[in-house]
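Counting along the sequence shown from 1, when you hit position 131 you're at 138 in our numbering, and nothing is skipped either side.
Report on the structure given below.
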Amino acid sequence: MSKIKFLFFTILVAALLAQAPVAALAQLPPYADPGGVPHYFGPYANWAFSPLPKGPVATVTLVDGGTGYNAPLVTISDAYGTGSGAGAASATVDLITGAITAITGGLGGAGYSAPVVIIEDNPALCGGAAPQPECGTGAIADAVIGGTLTGGMLKFIDPLPGLYDPRSGGTAPAKSIPLGVPDVVTYPGSHYYEIALREFSESFHASLPPTKM
Numbered sequence: 008m009s010k011i012k013f014l015f016f017t018i019l020v021a022a023l024l025a026q027a028p029v030a031a032l033a034q035l036p037p038y039a040d041p042g043g044v045p046h047y048f049g050p051y052a053n054w055a056f057s058p059l060p061k062g063p064v065a066t067v068t069l070v071d072g073g074t075g076y077n078a079p080l081v082t083i084s085d086a087y088g089t090g091s092g093a094g095a096a097s098a099t100v101d102l103i104t105g106a107i108t109a110i111t112g113g114l115g116g117a118g119y120s121a122p123v124v125i126i127e128d129n130p131a132l133c134g135g136a137a138p139q140p141e142c143g144t145g146a147i148a149d150a151v152i153g154g155t156l157t158g159g160m161l162k163f164i165d166p167l168p169g170l171y172d173p174r175s176g177g178t179a180p181a182k183s184i185p186l187g188v189p190d191v192v193t194y195p196g197s198h199y200y201e202i203a204l205r206e207f208s209e210s211f212h213a214s215l216p217p218t219k220m
């Protein structure tokens, strides 16, 4: 085999070997949760457990009236089970179509984080044996808290921490990220790198305690 053919063969084999990892990566299954919540500390991100604001129900808005309702019952609940005391709510029904046209009441109370409007037809008056009619379905309403809220985390109230150079002297700012400082010690006749990891605590939000970094 000539040198040219040997060189060509060597380059071809190297190119094929370089493509092997790429092909292997292409065959890997997609990420199990694309675009989902990043898992910073274990199976759930720590900020997923941040406290939610609580307060009274301020508005109840009908989104979809549904159809076929006879005597709908409206209940205000809370997705996290924290709220209670909202006023009684009632629905107005179009007697021809059975669609709900308005919801009144359901306001007030305290401690609601994620109020939920539950709309169901009165089971005593529908869905049974003939001559009872079918129960209505499809109505949707939203409830939102408002007024004086307690708890929760306020957003965008803390400036981003700046960089602090320990060589500048003085006291580091309350919110800062320290820069790495090179070691000034030299050893004759040698080249070396010194890498050190330092632990420090930093609070990035006024509502959270300092976190070790």
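Quick reminder that beta carbons are idealized off the backbone N, C-alpha and C, glycines included.
Only a predicted model underlies this, so the values are computations on that prediction, with no experimental measurement involved.
Segment contact, 8 Å Cβ cut-off, at least three pairs: the stretch 143 to 156 with the stretch 175 to 186 | no
By Cβ distance, which residues of its chain are closer than 8 Å to P173, with the 5 residues on each side in sequence left out?
-> A179, P185, L186 and V188
Residue ranges of each beta strand (DSSP E) within the stretch 134 to 219, 3 or longer = 144 to 152, 169 to 171 and 183 to 185
By Cβ distance, which residues of its chain are closer than 8 Å to Y171, with the 5 residues on each side in sequence left out?
-> A179, P180, S183, I184, P185 and L186
Does the count of Cβ pairs from the stretch 60 to 69 and the stretch 137 to 145 closer than 8 Å reach three?
-> no
With burial defined as no fewer than 16 other Cβ atoms inside 10 Å of the residue's Cβ, what is the status of S197: buried or exposed?
-> exposed
Can you give me the Cβ contacts of E127 inside the same chain, cut-off strictly under 6 Å, excluding the 5 residues immediately before and after it?
-> L80
Please look up how many angstroms separate the CB atoms of A86 and V123, rounded, as I've assumed it's under 8 Å.
-> 5 Å
Contiguous beta strand (DSSP E) assignments of at least 3 residues, all confined to the stretch 56 to 102 | 62 to 74, 79 to 85 and 96 to 100
Taking the CB atoms as reference points, tell me whether G73 and I107 lie closer together than 7 Å.
-> yes
Which word fits S175, buried or exposed, when buried means at least 16 other C-beta atoms lie within 10 angstroms of its C-beta?
-> exposed
Where M220 and F211 are concerned, what is the direct C-alpha to C-alpha distance, given to the nearest angstrom?
-> 11 Å
Cβ shell of G145 (< 7 Å), same chain only, five flanking positions each side left out = D71, G73 and T74
DSSP on P130, reduced to helix/strand/coil?
-> coil
Counted within 10 angstroms of its Cβ, other Cβ atoms place G105 as buried (16 or more) or exposed = buried
For G113, name the three-state secondary structure that DSSP assigns.
-> coil
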